[in-house]
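Heads up: the structure comes next, in structure tokens.
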Amino acid sequence: MALALARSRRGLKALVVGPGQGRTRTRAGGLLPGLLIVGVPLVLALAGPLFTGEAGPRGTSLTTGDGHRLGTDFIGRDVGRQVLLGGRSVVLVALASTALAYAVALPAGFVCALTRRRWVEELLMRPLDVLLSVPSLLLILLVAAAVAPGPAGLALLVALVNIPDTARIVRAAGAEAASRPAVEALRMQGESWARMAFGYVGRSVARTLAADAGVRLTGALYLVATAAFLGVGVAQDAADWAVMVDRNRAGLFVQPWAVVVPALLIVALTLGGNLLVDAALARPGTKEKRR
Amino acid sequence: MPWAARRLLLAGAQTAAVVLLVFALTEALPGDAAVALAGDQPDAERIEAVRAALHLDRPPLERLLDWSAGLFHGDLGVSLASGRPVSTYLADGFGPTLLLAVPTVVLLVPAAVGLGVLAARHEGRAADRIVSAVTLGLYAVPEFALGVLLVTVFALRLGWLPPTALGYGTDLLAHPAALVLPVLVLLARPVCSLARLVRAGMTDALASPYVAQALRCGVPGMRVRYAHALPNAIAPAAQQLARTVDWLVCGVVVVEALFVIPGLGTVLMNAVAERDVPVVQGLAVVFGLATVLLNLGADLVTHRLAPRTGAAA
Chain A
1 MALALARSRR GLKALVVGPG QGRTRTRAGG LLPGLLIVGV PLVLALAGPL FTGEAGPRGT
61 SLTTGDGHRL GTDFIGRDVG RQVLLGGRSV VLVALASTAL AYAVALPAGF VCALTRRRWV
121 EELLMRPLDV LLSVPSLLLI LLVAAAVAPG PAGLALLVAL VNIPDTARIV RAAGAEAASR
181 PAVEALRMQG ESWARMAFGY VGRSVARTLA ADAGVRLTGA LYLVATAAFL GVGVAQDAAD
241 WAVMVDRNRA GLFVQPWAVV VPALLIVALT LGGNLLVDAA LARPGTKEKR R
Chain B
1 MPWAARRLLL AGAQTAAVVL LVFALTEALP GDAAVALAGD QPDAERIEAV RAALHLDRPP
61 LERLLDWSAG LFHGDLGVSL ASGRPVSTYL ADGFGPTLLL AVPTVVLLVP AAVGLGVLAA
121 RHEGRAADRI VSAVTLGLYA VPEFALGVLL VTVFALRLGW LPPTALGYGT DLLAHPAALV
181 LPVLVLLARP VCSLARLVRA GMTDALASPY VAQALRCGVP GMRVRYAHAL PNAIAPAAQQ
241 LARTVDWLVC GVVVVEALFV IPGLGTVLMN AVAERDVPVV QGLAVVFGLA TVLLNLGADL
301 VTHRLAPRTG AAA
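Here the protein sequences come in this chain order: A and B. Residue numbering for the first sequence follows this note's numbering, starting at 1 and increasing by one per position. Residue numbering for the second sequence follows this note's numbering, starting at 1 and increasing by one per position.
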């Protein structure tokens, strides 16, 4: 699928910016809604740990009131404090994995885009086609069955899952830029590969890739949160929104806040992030040039 | 080579890759099954004994050949934890997962196409804006967060539906109400992403000259939309199908964990927790094969509908 897709401009566009972003898309109303929705969980995730005091004494499990605004969790900790602490891991692991995926996919994609040897391209891209057939969560669970990955391991795994798609998009976007006369001129002038790849091709596809990175980041957020919910890459009692949802589920009927608040924050983070990326893509300045 | 042959070849390669990858991942990683099984006091002698009993002392290549030869005969090996054949685990989990998967797949395409066409017909108007905003927002939301919120509203506040399938065992068919929320949660992401793509393809198709010509000739609007425009509109959606299948397979695991449904996903999670490597391997192969087959089927159907796109391979 990848190659045929990448060869057609329309396929590339669908891959890169998602559906309906051409002349036919409806404006969802600018950046503001997305920014507002994503702002609360993001600020809470990044700045929250700065505002937590010392951990108070543990109370009774899964109760409301008694000095705890949001009640207590399954081992009697203050839910408010856990909420403040619990966003950082989700956001940071997702960010790290997106950065890692790009660190591998950028050079690989550019090598494929700039090479004139077909076999190099086939060698780098075909295995990725095959890797796409492995469900992403399955790969993570498989590794988790053998080792217990920490947050760093989880970031690595999520990055690994994202590399095939990212490399395809970098290659597809880069191939178009690499076939321009300017690259031919650079090549005849004897410029170095890095200069051509990152100096010219990279610069001309930066916008497309920025858009893709946004999409990739929301995908990573999803995967990191889901893995944490299933207990991969986190401690049993970690301060993590996804873990909170999982561990406090048993007390949903007596103390819903311990589940609903972190779940709402995760929904807001992913939903708002998605709206924001989409709105940013729709801004006239960032639209792909039509040739 | 004809397109279908190339696509089948890719599916074959993907199957081989899944088998190889599953084996390599569970083998190459540190902490082999014998260590995990030897219990709390793993002395070297006991580990060696377990290792010999599991044939882990033989070279990896030999074991890979043995294992994949067994796969051909449907022999998936024996669980480390219980000693039961892995196939009995599969048989136990198969029913509930099927009950979850069949309604989801049956509802997925009509729901996505219906929403997409609805939005495209009313492009730019209220119906389109609502559908577009909801589908855009929902499709990145993790199933577990959405599911927990739905449970809070529909089971806790309103009391309409049971919060989990706990206590119903594998006999879920007798309790269809317990399946409503799981199927709804499982549908959310794929429906949203497909509906967005169908809408995008449909707005393009409806604006095309051939649709205008068909309407001018007096072909009924219904027929133009569903018989002429839709097959072309589905083409861009086909490019998303691989990811949709991926989401469904992942979603099954999460939804089963969330709603306590004793299906394949739950079996997989339990095996992961117990580090029961043969069961994990067997289930991973089954999930991987399901992905390959679903992708293959989807690609073949799409190719039939819109041969020009040359989807896949």
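Think of the CB as a built atom: it goes at the ideal place given N, C-alpha and C, for glycine as much as any other residue.
Legend entry - Candidates A/Leu131, A/Phe51 and A/Gly174, of which the one nearest proline 107 of chain A by Cα: A/Gly174
Inset, instruction - Please go through the same chain and pick out, in chain order, the residues whose beta-carbon is closer than 7 angstroms to the beta-carbon of leucine 187 of chain B, but skip the five residues on each side of it. - result: Thr104, Leu107, Leu108 and Ala111
Legend entry - Pairwise C-alpha distance: threonine 60 of chain A and leucine 296 of chain B: 53 angstroms
Legend entry - Chain-ordered neighbours of valine 245 of chain A on chain B, where CB pairs are closer than 8 angstroms: Phe144, Ala145 and Val148
Legend entry - Cut-off 8 angstroms between Cβ atoms - residues of its own chain near valine 259 of chain A, not counting five sequence neighbours on either side: Met244, Val245, Asn248, Arg249, Gly251 and Leu252
Inset, instruction - Mind listing the chain A neighbours of cysteine 217 of chain B? Cutoff is C-beta to C-beta under 9 angstroms, in chain order. - result: Chain A residues near cysteine 217 of chain B: none, gap ~25 angstroms exceeds 9 angstroms.
Legend entry - Exposed unless 16 or more other CB atoms sit within 10 angstroms - verdict on glycine 190 of chain A: exposed
Legend entry - aspartate 240 of chain A, DSSP secondary structure in three states: coil
Inset, instruction - Label proline 209 of chain B either buried or exposed according to how many other C-beta atoms from any shown protein chain fall within 10 Å of its C-beta, with 16 as the threshold for buried. - result: exposed
Legend entry - Short Cβ contact (9 angstroms threshold) for glycine 145 of chain B with leucine 161 of chain B: This sequence places alanine at residue 145 of chain B; glycine is not what is there. No, these two residues do not count as a Cβ contact at 9 angstroms.
Inset, instruction - Indicate whether at least one CB of chain B lies closer than 9 angstroms to the CB of isoleucine 169 of chain A. - result: no
Legend entry - Cβ shell of alanine 28 of chain A (< 7 angstroms), same chain only, five flanking positions each side left out: Unreliable placement is indicated for alanine 28 of chain A, whose pLDDT of 47 sits below 50; the coordinate value is still reported in the next sentence. Counting only Cβ-Cβ distances below 7 angstroms, and skipping sequence neighbours, we find Leu275, Asp278 and Ala279.
Inset, instruction - Would you mind stating whether arginine 189 of chain B and glycine 251 of chain B have Cβ atoms separated by less than 9 angstroms? - result: yes
Legend entry - Residues of its chain near glycine 22 of chain A, where Cβ-Cβ distance is below 6 angstroms and the 5 sequence neighbours each way are ignored: The predicted position of glycine 22 of chain A is uncertain, since its pLDDT is 42 and thus under 50; a value taken from the coordinates is nonetheless stated next. Correct list: empty, nothing qualifies.
Inset, instruction - Tell me, please, whether the CB atom of aspartate 278 of chain A is closer than 9 angstroms to any CB atom in chain B? - result: yes
Inset, instruction - Report yes or no: is there a C-beta of chain B within less than 9 angstroms of the C-beta of asparagine 162 of chain A? - result: no
Inset, instruction - Spell out the partners DSSP gives threonine 72 of chain A in its beta bridges. - result: A/Asp78
Legend entry - Supposed contact pair glycine 71 of chain A and valine 79 of chain A - C-beta distance, whole angstroms, cut 8 angstroms: 5 angstroms
Legend entry - Identified DSSP bridge partners for valine 78 of chain B: B/Pro85
Inset, instruction - Give the DSSP-derived three-state secondary structure of aspartate 278 of chain A in the structure shown. - result: helix
Inset, instruction - Measuring only between beta-carbons, confirm whether proline 2 of chain B sits less than 9 angstroms from chain A. - result: no
Inset, instruction - For aspartate 246 of chain B, decide whether its Cβ has a neighbour in chain A, counting only Cβ atoms nearer than 9 angstroms. - result: yes
Inset, instruction - Measure the Cβ-Cβ separation of valine 143 of chain A and glycine 150 of chain A and say whether it is below 9 angstroms. - result: no
Inset, instruction - Examine chain B for any beta-carbon lying closer than 9 angstroms to the beta-carbon of threonine 270 of chain A, and answer yes or no. - result: yes
Legend entry - Exposure of arginine 291 of chain A, with buried meaning 16 or more beta-carbon neighbours within 10 Å: A caution first: arginine 291 of chain A carries a pLDDT of 34, below 50, which makes its placement in the model unreliable, though a value can still be read off. Looking at its Cβ environment, which holds fewer than 16 other Cβ atoms inside 10 Å, arginine 291 of chain A is exposed.
Inset, instruction - Mind listing the chain A neighbours of phenylalanine 287 of chain B? Cutoff is C-beta to C-beta under 8 angstroms, in chain order. - result: Pro135 and Leu138
Inset, instruction - Answer with yes or no whether the minimum CB distance from valine 111 of chain A to chain B is below 9 angstroms. - result: no
Legend entry - Local Cβ density within 10 Å of leucine 292 of chain A, reported as buried at 16 or more and exposed below that: A question about residue 292 of chain A goes unanswered here, because the residues of chain A that appear run from 1 up to 291.
Legend entry - Distance between beta carbons of leucine 114 of chain A and alanine 197 of chain A, contact taken as under 8 angstroms: 6 angstroms
Legend entry - Proximity of proline 231 of chain B and valine 86 of chain B at Cβ, strictly below 9 angstroms: no
Legend entry - Straight-line gap, methionine 125 of chain A to valine 161 of chain A (C-alpha atoms, nearest Å): 15 angstroms
Legend entry - Reference glycine 48 of chain A, options A/Val91, A/Ala103, A/Arg77 and A/Ala177, closest by Cα: A/Val91
Legend entry - Closest Cα partner of leucine 100 of chain B within the set B/Ala200, B/Val183, B/Val254 and B/Gly288: B/Val183
Inset, instruction - State the start and end residues of the unbroken alpha helix (DSSP H) segment that holds valine 224 of chain B. - result: It is not in any alpha helix (DSSP H) - valine 224 of chain B carries neither H nor E in the DSSP assignment.
Legend entry - Simplified DSSP state of histidine 228 of chain B, which is helix, strand or coil: helix
Inset, instruction - Verify the CB distance criterion: does alanine 271 of chain B have a CB-CB separation below 9 angstroms to chain A? - result: yes
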